[in-house]
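Those protein sequence lines, which keep their order, are chains A and B. This note's numbering puts the first sequence at residues 17 to 292. This note's numbering puts the second sequence at residues 2 to 269. Here's the structure, in structure tokens; my notes come after.
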Amino acid sequence: MRRRRRERILVYAAITVILAIALFPFWWMVNTSLKHQVDIFAGVTMYPHSPTLDNYRKLFDTYHFADYLRNSIIVVTVSVAFSLVLGTVAAYPLARYRLSYGLNQSALVVALLVRMLPVILLVIPLYIVLAKWSLLNTRLGLILIYTGLNTSFVIWMMQSFLAEIPRDIEEAAMVDGDSRLTALRRVVIPLAAPGLIATAIFSVIATYNDFLIALSLTSTPDAQTVPVGVSTLIGKIQIEYGPMAAAGVIGALPIVIFAIIVQRHFVRGLTLGAVK
Amino acid sequence: MAAVSLYPLYYGVRASFTRYLYGRDFGWTGLRNYRIVWDDSFYHSAMFTTLKYVVLTVTIETLLGLALALLVARELKFSGMIRVGLILPMTIAPVVVGVMWRLLYDSNVGIVNPLFQALGLQQPDVLAHNRSAFIAVVLVDIWEWTPLLFLIILAGLQSLPEEPLEAARVDGAGRIRVFFDHTLPLLRPTLLVAIVLRTIDAIGTFDQIYVLTKGGPGDATRVISIYAYNTAFLFTQYGYAAAMLVSLMVMVLLLMIVAVRMMRRAAA
Chain A
17 MRRRRRERIL VYAAITVILA IALFPFWWMV NTSLKHQVDI FAGVTMYPHS PTLDNYRKLF
77 DTYHFADYLR NSIIVVTVSV AFSLVLGTVA AYPLARYRLS YGLNQSALVV ALLVRMLPVI
137 LLVIPLYIVL AKWSLLNTRL GLILIYTGLN TSFVIWMMQS FLAEIPRDIE EAAMVDGDSR
197 LTALRRVVIP LAAPGLIATA IFSVIATYND FLIALSLTST PDAQTVPVGV STLIGKIQIE
257 YGPMAAAGVI GALPIVIFAI IVQRHFVRGL TLGAVK
Chain B
2 MAAVSLYPLY YGVRASFTRY LYGRDFGWTG LRNYRIVWDD SFYHSAMFTT LKYVVLTVTI
62 ETLLGLALAL LVARELKFSG MIRVGLILPM TIAPVVVGVM WRLLYDSNVG IVNPLFQALG
122 LQQPDVLAHN RSAFIAVVLV DIWEWTPLLF LIILAGLQSL PEEPLEAARV DGAGRIRVFF
182 DHTLPLLRPT LLVAIVLRTI DAIGTFDQIY VLTKGGPGDA TRVISIYAYN TAFLFTQYGY
242 AAAMLVSLMV MVLLLMIVAV RMMRRAAA
């Protein structure tokens, strides 16, 4: 018994240390963002002695942060909404019918490949295509690209969620007089709702967090998103530490809140469904 | 769907055979770009840096993730909160991760220099020197992505069948024996999926390095994605960058085929 107890104490101690390592950088950023300019340079203090919101004010007054936030919200909402509808409609037949020529498998594999491809491989072709359509530096251009990328993710995730719903349920609804589409809307979608919500949240996180696509395809606050806005604060000559920290806090906050709400669905979403 | 996603890729491959400069196509050049890539010493060193980066980060992350999963895979109080705390680093934008660590590493406002000073050591100015800058970006990657390996491995551990492990314990095998003889072999498929997924992602690492060092000092942290980005968007050599990336894509695709096959087998 004594040995058991000593082991438990050691386990909790180890976990506490690891949690501290995982969370300290967050605290240091919040801490820096709440300090006055002089205090930031005045040496190490673990909390702001005279906290201020100056850095946040500066962000919105002089660094276009309202624009970045607006662009991010528009681009994320529209592209995720579109891709959820498109992706679910495409995932349904993949989960329900056996298409000829092994089309099911190849469609799913393409969907997965698109999602796994490192973004750097897509950026140059996307730049060329958007330049051709004169959609560089527009929110519409970003929306088109994110919709495409998210749709493949939604297809991949939703077909595995839909496949888990027993056929009998919707067949019963169809016997009762529903068409397949009504059965999908009335019976299947409500049952798949948890999966749909998890998929939606992951699409939101991935889109909101994207940097490289937005960085390469936009150039002014008319279309730049929050992560690009954050990076503009690291100037060539000097770094605005306070506003940079504040921008990081704003960039992280929505995602941290999301993460806490949906932690149960995390494994499946982040591992592309490899682990259930 | 396939058409929409493959259309840009077709453009990318086509661009790699052209002199595509300043956003304009100056005509077909055949394999010229590829010949330059073959001889480009910057490309070689960027590939080597990427290789070093990927091997180091993925190895350490797998070992730490496994250790962490073994530590947490038991009855714990606050297990939900512990899990959220542990995975928070990988959920936020990599750009923000870069900002956080820039604030820690920085010579003027950071905490690393004062820490070394307090220990009576020389102040390292981490991001200013080749070696320490490379170690610094590797550490950031480990901080950010160990949680992913941890999560996948934890889920794998929790879905292992109890009987063989229990039987081994009843037979009197010690904990370490049970782990190496039974747990690890059973965990192999999960581990492989996790490692391949993480490797593919690590090859494309860009955001944090861009924020922390922009590939510097010199070329110490210039991984392939940074080099390709600079070539295309700073020096506007789109065709040449495309050729560079096509060669990288072939490697990534090979890895992805392995990944997809393993994921299908794991799902079956």
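Think of the CB as a built atom: it goes at the ideal place given N, C-alpha and C, for glycine as much as any other residue.
Of all residues in the region 98 to 125 of chain B, only V100, M101, W102, L104, L105, N109, V110, I112, P115 place a beta-carbon less than 7 Å from a beta-carbon of chain A. Assignment of I93 (chain B) by DSSP, reduced to helix, strand and coil, places it in the coil class. The straight-line gap separating the alpha-carbon atoms of E164 (chain B) and R15 (chain B) is approximately 56 Å. Taking the C-beta atoms as reference points, T215 (chain A) is found no nearer than 9 Å to N87 (chain A). Rounded to the nearest angstrom, the gap between the Cα atoms of K51 (chain A) and R73 (chain A) is 13 Å.
Shortest Cα-Cα distance from T223 (chain A) to any of B:D40, B:I225, B:P95, B:L67 involves B:P95. Chain-ordered, the chain B residues with CB closer than 9 Å to the CB of L128 (chain A) read M257, A260, V261, M264. Take I140 (chain A), set aside five residues on each side of it, and no residue of its chain has a beta-carbon closer than 6 Å to its own.
Per DSSP, the continuous alpha helix (DSSP H) segment holding T200 (chain B) begins and ends at 185 to 204.
Residue range 70 to 78 is occupied by the alpha helix (DSSP H) that includes D70 (chain A). Distance from the CA of T30 (chain B) to the CA of A244 (chain B), rounded to the nearest whole angstrom, comes to 12 Å. In the DSSP annotation of this structure, the continuous segment of the alpha helix (DSSP H) that includes D208 (chain B) starts and ends at 208 to 213. Taking a beta-carbon distance threshold of 9 Å, S226 (chain B) counts as an interface residue toward chain A.
Following the DSSP letters along the chain, one finds F169 (chain A) inside the alpha helix (DSSP H) bounded by residues 155 to 179. Shown here, T215 (chain A) sits in a helix according to DSSP, grouped into three states. Close partners of V27 (chain A) in chain B (Cβ separation under 7 Å): L72.
According to the DSSP secondary-structure assignment, W29 (chain B) is paired through a beta bridge with B:T19. Annotation for D83 (chain A): the continuous alpha helix (DSSP H) segment containing it runs 81 to 112. Distances from the CA of I56 (chain A) to each of B:R262, B:D107, B:I201 were compared; the closest alpha carbon is that of B:D107. Nearest to K78 (chain B) by C-alpha distance, out of A:A29, A:L207, A:M62, A:A123, is A:A29. DSSP places D41 (chain B) outside any alpha helix (DSSP H), giving it a letter other than H or E. At a cut-off of 9 Å between beta carbons, R75 (chain B) contacts chain A.
According to the DSSP secondary-structure assignment, I255 (chain A) is paired through a beta bridge with A:I250.
Counting the other CB atoms within 10 Å of its CB gives M252 (chain B) a total below 16, which places it among the exposed residues.
With fewer than 16 other Cβ atoms from the protein chains shown falling within 10 Å of its own Cβ, M82 (chain B) counts as exposed. Y211 (chain B) is a Cβ neighbour of G99 (chain B), given a cutoff of 9 Å.
V191 (chain A) sits exposed, since fewer than 16 C-beta atoms from the chains shown fall within 10 Å of its C-beta. For E164 (chain B), the enclosing alpha helix (DSSP H) begins and ends at 163 to 171.
Residue-level contact check: A129 (chain B) does not touch chain A, since none of the beta carbons of chain A fall below 9 Å from its beta carbon. Less than 9 Å separates the beta-carbon of L161 (chain B) from that of L187 (chain B). Following the DSSP letters along the chain, one finds D182 (chain B) in no alpha helix (DSSP H), marked with neither H nor E. W44 (chain A) has a beta carbon lying within less than 9 Å of a beta carbon in chain B. With respect to chain B, the C-beta atom of S232 (chain A) has a partner C-beta closer than 9 Å. Unbroken alpha helix (DSSP H) runs of no fewer than 4 residues, entirely contained in the region 89 to 138 of chain B, are found at 95 to 106, 113 to 119, following chain order.
If you look at L128 (chain A), you'll find it in the alpha helix (DSSP H) that goes 119 to 132.
For the C-beta of Y257 (chain A), the chain B residues within less than 8 Å are, from N- to C-terminus, L104, D107, N109, V110.
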